Amino acid sequence: MIKKAVIPAAGWGTRFLPITKAVPKEMLPIIDKPALSYIVEEAVNSGIEEILIIISTNKGAISSYFERNSDLEAFLAEKNKLNDIELIKHTSYGAKIFYTIQEEQLGLGHAVLQAEKFVGNEPFAVLLGDDVYVSKTEPALKQLINAYNEKKSTILGTLEVPDSDTKLYGICIPKDNTSKPIVELKGVVEKPQGKAPSNSAISGRYVLTPRIFELLKNQTRGAGGEIQLTDSILRLMDSEKVYSMDMQGKRYDIGSKIGYIEAIIDFALEREDLSQDLTNLLINKLKD
Ligand code: UTP
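Per this note's numbering, residue 26 is the first one in the sequence shown, and the count goes up by one each step.
Shown next, in the form of structure tokens:
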């Protein structure tokens with residue numbers, strides 16, 4: 026059973042400067058909850074009990090959000106705002122949340138390496154702090170955990186992307202005689218600049234075996250001068266099978282401005298208290 030998850034949230038978030046100078050992008054609100062909250066909720070709904078969030082030195086806002094705030098609880102109790110107390114008490118959805126600081130932003134692979142002690146010798150999940158999934162069936166991570174339980178080997182969550190976008194992702198190279206839904210891989214390549222080997226993009230969710238840490242420790246810098254998780258996953262293929270699986274659901278890349286705006290609109294349209302007003306507002310705006 027996969028019970029531990031790692032959420033890397035220590036990047037600089039340069040695509041969202043200047044706000045990310047003070048607020049981590051994972052804490053940007055999708056209406057009234059930070060993006061990170063939806064990711065923690067997905068992890069818990071997938072059976073995860075312990076979560077390590079990788080933070081940078083200036084990311085105190087993240088721990089403040091998940092910890093209890095007794096002053097605020099007392100203030101709300103005095104005002105008899107019991108619903109609000111419930112809202113602020115359950116921000117971690119019952120998971121145990123831990124934090125580790127990534128001292129230098131050397132890349133996603135380096136961020137995951139900070140989780141070695143927390144993970145120990147068991148398979149674990151990774152959820153990127155800027156990819157939010159909404160699924161009408163099972164949560165995206167649960168879909169991957171089911172696949173892990175079948176194959177007992179590393180699984181990368183993927184989405185099909187158009188040719189024009191392959192240069193933005195880690196891209197999978199499937200083995201010749203393998204087929205969907207669980208695809209065995211013969212390679213992966215980070216942000217291919219020329220023609221990509223497939224359109225299957227690694228998209229923010231992973232189930233990894235602990236062997237990855239040995240490889241991350243001596244991983245040389247790759248694309249963008251960063252220690253890339255994808256490069257270590259490629260080397261992992263020398264010693265174990267690695268699979269990919271398309272996740273069912275809608276993904277919001279909240280690390281990009283347009284993805285973030287789309288998330289806010291879609292989430293609001295799903296909410297009873299906002300849907301009608303937002304619909305009217307959008308119709309009126311588009312008329313102008
Ligand atoms: P990104 O490359 O999307 O994040 O990393 P970034 O570097 O913060 O963003 P931009 O491109 O400058 O706008 C994917 C995830 O990995 C984390 C990020 O926080 C994000 O959730 N990450 C990235 C780390 O934790 N540490 C790193 O050194 C790099």
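For each residue, glycine too, the CB sits at the ideal point set by N, CA and C.
Computed from a predicted structure; not experimentally measured.
Exercise. What distance in whole Å lies between the Cβ atoms of Ala30 and Ile87, which are believed to be in contact at a cut-off of 8 Å?
Worked result: Working through the sequence shown from its first residue, we reach residue 87 at position 62. Working through the sequence shown from its first residue, we reach residue 30 at position 5. Not quite, the Cβ-Cβ distance comes to about 15 Å (not below 8 Å), so this is no contact.
Exercise. Going by the C-beta, is His135 closer than 7 Å to any heavy atom of the ligand UTP?
Worked result: Against the sequence shown, residue 135 aligns to sequence position 110. Result yes, Cβ under 7 Å from the ligand UTP.
For this session: Rounded to whole angstroms, what's the CA-CA distance from Gly119 to Lys220? Just pull it up for me.
Result: Here residue 119 refers to the residue found at position 94 of the sequence shown. Here residue 220 refers to the residue found at position 195 of the sequence shown. So the two alpha carbons sit approximately 45 Å from each other.
Exercise. Does the separation of the CB atoms of Phe81 and Ile180 fall below 8 Å?
Worked result: In the sequence shown, residue 81 corresponds to position 56, counting from 1. In the sequence shown, residue 180 corresponds to position 155, counting from 1. In the sequence on display, residue 81 carries Ser and not Phe. No.
Problem set entry | Close Cβ partners of Lys275 (< 8 Å) along its chain, the five nearest in sequence each way excluded | For the purposes of this step, residue 275 is identified with residue 250 of the sequence shown, where counting begins at 1. So the qualifying residues of the chain are Tyr158, Val159, Ser160, Asp291.
Problem set entry | Cβ shell of Pro59 (< 7 Å), same chain only, five flanking positions each side left out | Working through the sequence shown from its first residue, we reach residue 59 at position 34. Result list for Pro59: Glu51, Met52, Leu53, Tyr90, in chain order.
Problem set entry | Three-way DSSP call (helix, strand, coil) for Leu294 in this model | Your numbering for residue 294 matches position 269 in the sequence shown. It is helical.
Exercise. Where Ile113 and Lys106 are concerned, what is the direct C-alpha to C-alpha distance, given to the nearest angstrom?
Worked result: As a working note, residue 113 is residue 88 in the sequence shown. As a working note, residue 106 is residue 81 in the sequence shown. Roughly 11 Å separates the two Cα atoms.
Exercise. Cβ of Pro33 within 7 Å of any heavy atom in the ligand UTP?
Worked result: For the purposes of this step, residue 33 is taken as the residue at position 8 of the sequence shown. Yes; taking the cut-off as 7 Å, the Cβ of Pro33 has a heavy atom of the ligand UTP nearer than that.
Problem set entry | Backbone CA spacing between Leu233 and Leu193 [nearest angstrom] | Taking the sequence shown and counting its residues from 1, one reaches residue 233 at position 208. Taking the sequence shown and counting its residues from 1, one reaches residue 193 at position 168. Going by the C-alpha atoms only, they are around 22 Å apart.
Problem set entry | Pick from Ile122, Gly280, Pro222, Glu265 that is closest to Arg40, judged by C-alpha positions | To locate residue 40, count along the sequence shown from 1; it is residue 15. Ranking the options by Cα distance to Arg40, first place goes to Gly280.
Exercise. How is Asp201 classed by DSSP in three states: helix, strand or coil?
Worked result: Within the sequence shown, the letter at position 176 stands for residue 201. Residue state, collapsed to three classes: coil.
For this session: Classify Tyr268 as helix, strand or coil using the three-state DSSP reduction.
Result: As a working mapping, residue 268 is identified with position 243 in the sequence shown. Three-state result, Tyr268: strand.
For this session: Within the same chain, show all residues whose beta-carbon is closer than 6 Å to that of Lys211, passing over the 5 residues directly before and after it, in chain order.
Result: As a first step, residue 211 is located in the sequence shown; it is residue number 186 there, counting from the start. Excluding positions up to five away in sequence, the list reads Ile198, Lys200.
Problem set entry | Which of helix, strand or coil DSSP assigns to Ala68 | Position 43 of the sequence shown, counted from the start, is the residue given in the question as residue 68. Ala68 falls in the helix class under three-state DSSP.
For this session: Would you identify the three-state DSSP class for Ala86, choosing helix, strand or coil?
Result: Mapped onto the sequence shown, residue 86 falls at position 61. Helix, per DSSP.
Problem set entry | Alpha-carbon to alpha-carbon, Leu61 and Glu92 | As a first step, residue 92 is located in the sequence shown; it is residue number 67 there, counting from the start. As a first step, residue 61 is located in the sequence shown; it is residue number 36 there, counting from the start. The straight-line gap from Cα to Cα measures roughly 14 Å.
Exercise. Any idea if Phe149 is buried or exposed, counting beta-carbon neighbours within 10 angstroms, 16 or more meaning buried?
Worked result: Working through the sequence shown from its first residue, we reach residue 149 at position 124. Classification of Phe149: buried, given that the 10 Å Cβ count is 16 or more.
Exercise. Cβ of Phe41 within 7 Å of any heavy atom in the ligand UTP?
Worked result: Translated into positions along the sequence shown, residue 41 becomes position 16. Flag set: Cβ of Phe41 near the ligand UTP.
For this session: Output the distance between the C-alpha atoms of Asp271 and Ser95, rounded to the nearest integer angstrom.
Result: Numbered from its first residue, the sequence shown carries residue 271 at position 246. Numbered from its first residue, the sequence shown carries residue 95 at position 70. The straight-line gap from Cα to Cα measures roughly 42 Å.
For this session: Confirm the yes/no value for this check: CB of Gln168, any heavy atom of the ligand UTP, distance under 7 Å.
Result: Position 143 of the sequence shown, counting from 1, holds the residue named residue 168. Outside the cutoff, so no.
Exercise. Which stretch, first to last residue, makes up the alpha helix (DSSP H) that contains Ser95?
Worked result: Residue numbering aside, residue 95 sits at position 70 when the sequence shown is read from its first letter. Per DSSP, Ser95 belongs to the alpha helix (DSSP H) from 95-103.
Exercise. Cβ of Gly247 versus every heavy atom of the ligand UTP: is any distance shorter than 7 Å?
Worked result: By one-based count along the sequence shown, residue 247 stands at place 222. Gly247: no, Cβ never under 7 Å from the ligand UTP.
Exercise. By how many angstroms is the C-alpha of Ala68 removed from the C-alpha of Leu138?
Worked result: Sequence index remark: in the sequence shown, residue 138 carries index 113 (1-based). Sequence index remark: in the sequence shown, residue 68 carries index 43 (1-based). Whole-angstrom Cα-Cα distance: 20 Å.
Exercise. Can you list, in chain order, the residues of its chain whose CB lies under 7 Å from that of Leu153, leaving out five sequence neighbours each side?
Worked result: To locate residue 153, count along the sequence shown from 1; it is residue 128. Correct list, in chain order: Pro33, Gly229.
Problem set entry | Contained beta strand (DSSP E) runs [length at least 3] in the segment 117-159, N- to C-terminal order | 121-126, 149-152, 156-159
Exercise. Nearest to Lys216 by alpha carbon, out of Glu251, Asn202, Ala172?
Worked result: As a working note, residue 216 is residue 191 in the sequence shown. Among Glu251, Asn202, Ala172, the Cα nearest to that of Lys216 belongs to Glu251.
Exercise. What first and last residue would you give for the alpha helix (DSSP H) that runs through Ile252?
Worked result: If you number the sequence shown from 1, residue 252 lands on position 227. Note, Ile252: premise wrong, no alpha helix (DSSP H); not H, not E.
For this session: Can you say whether Thr203 is buried or exposed, counting buried as having 16 or more other CB atoms within 10 angstroms of its CB?
Result: Here the question's residue 203 lines up with position 178 in the sequence shown. Burial call: exposed.
For this session: Please go through the same chain and pick out, in chain order, the residues whose beta-carbon is closer than 6 Å to the beta-carbon of Trp37, but skip the five residues on each side of it.
Result: Within the sequence shown, numbered from 1, the residue matching residue 37 stands at position 12. Counting only Cβ-Cβ distances below 6 Å, and skipping sequence neighbours, we find Gln130.
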